[in-house]
Amino acid sequence: MRSEPRSEEKMAQRVDQLHSEKLSCGICEDLLTDPVSLCCGHNYCLKCVKARWDGERTYSCPQCGQTFTPRPDLEVNTMLAALVEELKISGPEASPSEPKSRAELLKYSREITLDPNTASTCLVLSDGDRKATVMKQEQLYLDHPDRFTDCCQVLSRESLTGRCYWEVQWTEEGVSVAVAYKSIRRAGNSEECEFGFNDRSWALECSRHGYEVFHNKSPASFADLRSRRVGVYLDHSAGVLSFYSVSDTTTLLHRVQTTFTEPLHAGLWLYSEGATAEICKLT
């Protein structure tokens with residue numbers, strides 16, 4: 026006789042049902058915040074679509090391209106907002122399998138090194154390729170198709186799938202702690218290359234002014250800076266990416282729920298001469 030599904034499996038089925046495309050923003054790909062529905066049927070966070078349209082002369086759906094004249098008056102879809110709130114209560118945040126403390130996060134710690142073949146010529150790698158430093162003088166690296174040619178960025182050697190956790194410590198003006206698909210563009214200085222400003226990367230921007238998460242140019246703001254050490258938790262198959270401030274306590278800064286379509290790589294984007302960022306040794 027076939028046994029009844031366990032309660033955890035029932036929860037997973039419920040989450041899968043609720044977490045449909047209608048509950049994710051078509052711009053930032055996170056769960057909808059103040060959801061609005063365009064007449065073409067696509068849904069967005071109110072702030073995301075307003076930011077996309079402000080300053081534009083024509084107003085179109087970022088997904089299907091349908092244009093609207095005049096600019097639509099956007100109102101929050103209360104039904105979608107209620108579904109999102111229900112998902113937040115019964116969804117992955119409530120799953121007992123997701124780490125709730127730094128001790129639990131450390132169980133998934135992963136040794137990560139930086140790939141010299143991806144490092145911009147403004148960076149020097151050291152400490153076993155775990156630390157990146159911005160140099161005044163351009164480095165004489167061999168040409169490589171994986172190298173970032175203009176953005177002061179570097180990716181990890183290891184591709185990341187499954188569950189993993191790592192921490193980054195930084196100095197000077199700041200750093201973007203990122204994850205990106207290997208397919209992110211490397212040549213040039215366009216937004217297609219910059220962590221957080223395209224659909225191939227997610228980035229936590231850390232500066233002395235505070236934290237901000239970017240994906241596909243859409244930002245989410247946070248409180249003042251608490252620590253120069255941050256943690257990143259990835260559950261690739263569940264589509265979960267969480268950023269933490271790490272000090273005496275571990276504080277969740279932002280949690281992304283999406284669908285990852287490729288393996289990810291850890292990334293660093295440093296901003297100023299003399300700045301350093303290091304992937305911390307946790308084991």
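All residue numbers for the sequence shown refer to our numbering, where the first residue is 26 and numbers rise by one. Just so you know, even glycine gets a beta-carbon here, dropped at the ideal spot from N, CA and C.
query	result
At what residues does the alpha helix (DSSP H) containing ARG155 begin and finish?	That residue, ARG155, is in no alpha helix (DSSP H); it is neither H nor E in DSSP.
First and last residue of the beta strand (DSSP E) that includes ARG211?	Counting along the chain, ARG211 falls outside any beta strand (DSSP E), and DSSP gives it neither H nor E.
DSSP state of CYS189, grouped into three classes?	strand
Measure from the C-beta of THR103 to each C-beta in chain E and report whether the shortest distance is under 8 Å.	The chain inventory of the structure shown lacks chain E, comprising one protein chain alone.
Grab the span of the beta strand (DSSP E) containing VAL179 for me, first residue to last.	178-180
Excluding the 5 residues preceding and the 5 following HIS279 in the sequence, name in chain order all residues of the same chain whose CB lies nearer than 8 Å to its CB.	LEU229, TYR236, VAL238, ALA245, PHE247, SER267 and PHE268
With DSSP run on the structure shown, which of helix, strand or coil describes THR276?	strand
DSSP state of GLU163, grouped into three classes?	coil
Using three-state DSSP, classify THR103 as helix, strand or coil.	helix
Which of helix, strand or coil does DSSP assign to CYS50?	coil
Once the 5 residues before and after MET160 are set aside, which same chain residues still bring their CB inside 8 Å of it?	CYS147, LEU148, VAL149 and GLU298
Ignore the nearest five residues each way along the sequence and tell me which others in LYS306's own chain have a CB closer than 6 Å to its CB.	none
If you measure between the beta carbons of TYR84 and VAL200, is that distance less than 8 Å?	no
Based on the DSSP output, what are the partners of ASP260 in its beta bridges?	ARG188 and VAL265
Are the CB atoms of GLU192 and THR138 within a distance shorter than 8 Å?	no
Rounding to the nearest angstrom, what Cα-Cα distance links THR196 and LYS72 in this structure?	31 Å
With DSSP run on the structure shown, which of helix, strand or coil describes ALA203?	strand
Measuring only the C-alpha atoms, how far is CYS50 from THR275?	28 Å
My assumption, with CB atoms under 8 Å, is that GLU287 sits in contact with TYR206. Please give the rounded CB distance.	4 Å
Looking at the secondary structure, which residues open and close the alpha helix (DSSP H) in which ALA76 lies?	71-78
Nearest to ASP59 by CA position, among CYS70, THR92, LEU259 and ASN241, is which residue?	CYS70
Pick out whichever of LYS75, THR94 and ASP79 has its Cα sitting closest to the Cα of ARG101.	For the record, residue 101 in the displayed sequence is Val; it is not Arg. Of LYS75, THR94 and ASP79, the residue nearest in Cα terms is LYS75.
Would you tell me roughly how many angstroms separate the C-alpha atoms of VAL271 and GLY264, rounded to the nearest one?	22 Å
May I ask you to list the residues that DSSP assigns as paired with GLU303?	LYS156 and GLN194
Closest by CA to ARG188, which one among ALA128, GLY66, GLU123 and ALA157?	GLU123
What is the residue span of the beta strand (DSSP E) that LEU139 lies within?	LEU139 -> no beta strand (DSSP E), and no H or E assigned at all.
Tell me whether LEU295 sits in a helix, a strand or coil according to DSSP, three-state version.	strand
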